[in-house]
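Per the working numbering, the sequence shown runs over residues 57 to 243. Beta carbons are placed, not taken as given, at the ideal position from N, Cα and C, and that holds for glycine. Heads up: the structure comes next, in structure tokens.
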Amino acid sequence: FTVRYITKRYIGDYAPNTEMMYSHRLVGSRDEITLEILDTAFEMPKDTQEKHIRWADGFVLIYSVTDRLSYQTACKLKEIIFQFRGSEVPIVLVANKHDLLTARAVTEDECDNLAGEMDCPRFQISVAEGQEGVNETMEELLVLIKRQLVKSLSAPEHVAGLEKKSRLFNMKKALKKRIVRSRSDTF
């Protein structure tokens, strides 16, 4: 997913236990941002998992519709994210391998139910088949992150104890003084 998003190429040989950090610059008509995307390992120690969850501004939870274990892992990750960050953190749910419906092991209802529990958008895509679903997913996540940032900028400071280190969060104080715009999805 991440490699497809950044390079616009599909890499078939994916190592699920390799953790990679990517930097990706987006230039829009009104702003420019650099995304730091952490593609986490499928299995990792709890302390590393907690550190990553506290660091991130948003999450893409991906599972394969052909792999029940990956769906169950996404369900567990949802619980862990909610435990450390609460239920209002920006999340999108991605059901990958939508092109392999004959091998489906996770139903659409299960996907809908999980997205409902998380109160988040869900996407059914095939990373192998094309770029469009990947881009739509990331665009939606960025909208959710921007909304959350605007909301946190207008809320009282009550983030004590949150050891967050991402650039977007650290920019919060600087942006707070500079943003004089209405509450919208763009700034």
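Residues of its chain near residue i, where Cβ-Cβ distance is below 8 Å and the 5 sequence neighbours each way are ignored
i	result
P101	none
D168	R178
S143	M174 and D175
Residues near residue i by beta carbon distance below 6 Å, same chain, minus five either side
i	result
I201	D113, G114 and P146
L91	H80
Y61	V190 and M194
M77	L94
H154	Q180, I181 and S182
DSSP beta-bridge partners of residue i
i	result
F115	I147
E92	S79
R178	L149
S120	N152
Pick from the options that is closest to residue i, judged by C-alpha positions
i	options	result
I181	D175, Y119, R124 and E144	Y119
E196	A211, I93 and C176	C176
D87	A211, L209 and L198	L198
K55	F179, M194 and L94	Because the chain in this structure spans residues 57 to 243, residue 55 falls outside the shown range and cannot be described.
A130	E166, E144, A159 and T104	E166
T63	G186, V116 and I89	G186
Same chain, Cβ closer than 7 Å to residue i, neighbours up to 5 away in sequence not counted
i	result
I109	I136, I137, F140 and R141
M174	K134, I147 and L149
T74	A97
V183	F57, R60, Y66, N152 and V190
E99	N73
H214	Here H214 scores only 47 on pLDDT, less than 50, and its place in the model is too uncertain to base an answer on.
D69	none
E192	F179
V236	Confidence at V236 is low in this model, with a pLDDT of 36, below 50, so the placement of that residue should be treated as unreliable; the coordinate-derived value is given next. Excluding residues within five positions, none has a Cβ falling inside 7 Å.
Integer-rounded CB distance, given that residue j should sit under 8 Å from residue i
i	j	result
A161	R203	The pair is not a contact, with the Cβ atoms about 33 Å apart (cut-off 8 Å).
L156	T122	5 Å
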